[in-house]
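Using mature numbering (1 follows the signal peptide of the UniProt record, and there is no 0), the letters of the sequence shown map in sequence onto residues -23 to -1, 1 to 353. Where is the CB? At the ideal position from N, CA and C, for every residue including glycine.
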Amino acid sequence: MKIVSLQKGLVFLLVGLNTLACKAPSTYDVSLSDAFEGKFYIGTALSEKQLLNDSSDLNVVKKNFNAIVAENCMKSEEIQPLEGIFDFAAADKFVEFGKQNNMFITGHTLIWHSQAPDWFFTDSLGNDVSREVMIDRMRKHIHTVVGRYKRIIKGWDVVNEAILDDGTYRNSKFFQIIGEDFIKLAFQFAHEADPDAELYYNDYSMAESGKRKGVVNMVKNLQSQGIRIDGIGMQSHIGLDFPKVSEFEASIKAFESLGVKVMITELDLTVIPTPDWNAGAEISTRFEYKDQLNPYIEELPDSVRLAFENRYMEFFRLFLKYQQCISRVTLWGVNDNQTWRNNWPIPGRTDYPLLFDRKNQAKPVVNKLIELAKEN
């Protein structure tokens, strides 16, 4: 009886230690960016608030990331709120941080249907402007913004989210007024402004077969017209069981076959229920708050935490498999406290989608990713 009791005690002790290890913050000597050096850049999105106020966040960035992208401060409504009136204060701080820390800087984004100022599409009477006026406004905006950071910003998300999940063109104001040529023109203008900068197309739901086919056809059409496009950004707002890794891999292979770089952009992994995966990452999508859709207010159960780690590992194995064409993997945020996932598509929830927790402590998965990089 005493021996049995002792054995049971050891079992309980080991289980308890394993649980504590799973919950404990990760300690690591090698940074993420150092671990993946020679494979691809490891990046993160930065907000204006972080650049102004949050040294704790910035210390995590300096240690672990060698690439940054502007979360909001370079979108057209922020940078040109009124016609001809440009506000570069936040964008300049973002670029200066990247320069000081020798980071690969990506500008995000030049042409996007969302977070664009209303004046961009209308005249003084509120009517849609002509095709010629719309093209001229695009040219002036792109030339001014790209030209300001010529040879400093190394890559630009030129056009964002222009293709729907079924592969057709989004019926945005750009499309309504100009037609599909707005994409070609945007790349043309960006190349004119900085011939040395890399130029990218960026979109969500890129593992969807319809979207995959639509993006491939769009890029082939641009290439046939002599338009330079250097890379495709696969926004990667993933969940514990969506999308299928096999479908994600099929898209990597399809985009690689076009002869362009592939970038994993806006990577985060939600662990809380998503009412409708068909919504993609459409920023305007909203659902009603319900308690059952916000199940982990205090902390994650061990089972979910383990699933989170396994899912990140699964995707990073895929990224390493295609490191010959993947140039950058960028997380959409630094830590769980400031992720957009807490408020999208349902405001006021508690999500855990990033590699660093709400106190900027590395999660155990960080060490696992570092070890995975060493093996590959």
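- Cβ contact annotation for Pro250 (same chain, cutoff 8 Å, sequence separation greater than five): Gln269, Leu270, Pro272, in chain order.
- Taking 8 Å as the upper bound for CB-CB distance, Ala47 and Phe71 are in contact here, some 5 Å apart.
- Within the same chain, Cβ atoms closer than 6 Å to the Cβ of Ala167 are found at Ile119, Val123, Trp133, Val135, Leu176, the five residues on either side in sequence being excluded.
- Counting other Cβ atoms within 10 Å of its Cβ, Glu157 stays below 16 and is therefore classed as exposed.
- The residue from Ser107, Cys50, Thr121, Thr242 with its alpha-carbon nearest to that of Leu29 is Cys50.
- For the 9 Å CB-CB criterion, Asp34 and Val311 form a contact.
- In terms of Cβ geometry, Ile241 and Val342 do not form a close pair [threshold 9 Å].
- By the criterion of a C-beta distance shorter than 8 Å, Leu297 is surrounded in its chain by Lys16, Leu349, Ala350, Asn353, once the five residues flanking it on both sides are discounted.
- Secondary structure of Met51 (DSSP, three-state): coil.
- Here the stretch 52 to 60 makes no contact with the stretch 98 to 109; the two share fewer than three CB pairs at distances below 8 Å.
- Every alpha helix (DSSP H) of 4 residues or more that sits fully in the stretch 10 to 78 is shown, in chain order, as 25 to 30, 32 to 41, 53 to 56, 66 to 77.
- Taken in chain order, the whole alpha helix (DSSP H) runs of length 4 or more contained in the stretch 215 to 297 are 222 to 233.
- With respect to the 9 Å criterion, Ala174 and Arg128 are classified as neighbours on the basis of their beta carbons.
- With a threshold of 16 other beta carbon atoms within 10 Å, Asn148 falls short and is exposed.
- Counting along the chain, no beta strand (DSSP E) covers Phe166; the unbroken alpha helix (DSSP H) around it starts and ends at 158 to 170.
- With 16 or more other Cβ atoms from the protein chains shown falling within 10 Å of its own Cβ, Thr86 counts as buried.
- Collapsing the DSSP output to three states places Asn104 in coil.
- DSSP, reduced to helix, strand and coil, places Ser186 within a helical segment of the structure shown.
- Rounded to whole angstroms, Leu141 and Asp6 show a C-alpha spacing of 43 Å.
- As far as DSSP is concerned, Arg128 takes part in no beta bridge.
- Taking a contact as a CB-CB distance under 8 Å, the pair Met211 and Val239 counts as one, their CB atoms being some 7 Å apart.
- Its chain contains Asn43, Ala44, Ile45 as the residues whose beta carbon lies nearer than 6 Å to that of Met80, once the 5 sequence neighbours on both sides are disregarded; these appear in chain order.
- Rounded to the nearest whole angstrom, the C-alpha separation of Asn41 and Ile347 is 11 Å.
- With respect to the C-alpha of Cys302, the residue from Leu246, Ser228, Asn320 having the closest C-alpha is Ser228.
- The Cβ atoms of Asp245 and Ser213 lie closer than 9 Å to each other.
- Taking each of Gly208, Ser8, Phe264, Asp218 in turn and checking the Cα distance to Glu233, the smallest one comes out for Gly208.
- Here DSSP, grouped into helix, strand and coil, assigns Thr86 to strand.
- Residues of the same chain with a CB within less than 6 Å of the CB of Met111, apart from the 5 flanking positions on each side, are Ile154, Ile155 in chain order.
- Under the DSSP assignment, Glu138 falls outside any alpha helix (DSSP H); it carries neither an H nor an E label.
- Look at Val110 here: in three-state DSSP terms it is helix.
- In this structure, Met195 lies near Ile160, with their beta-carbon atoms less than 9 Å apart.
- Note that the C-beta distance between Asp180 and Glu138 is below 9 Å.
- In the DSSP assignment, Val192 forms no beta bridge with any residue.
- Sorting Arg318, Ala67, Asp69, Ile130 by C-alpha distance to the C-alpha of Gly216 places Arg318 at the top.
- Look at Leu349 here: in three-state DSSP terms it is helix.
- Excluding the 5 residues flanking it on each side, Thr121 has same chain C-beta neighbours closer than 7 Å at Phe63, in chain order.
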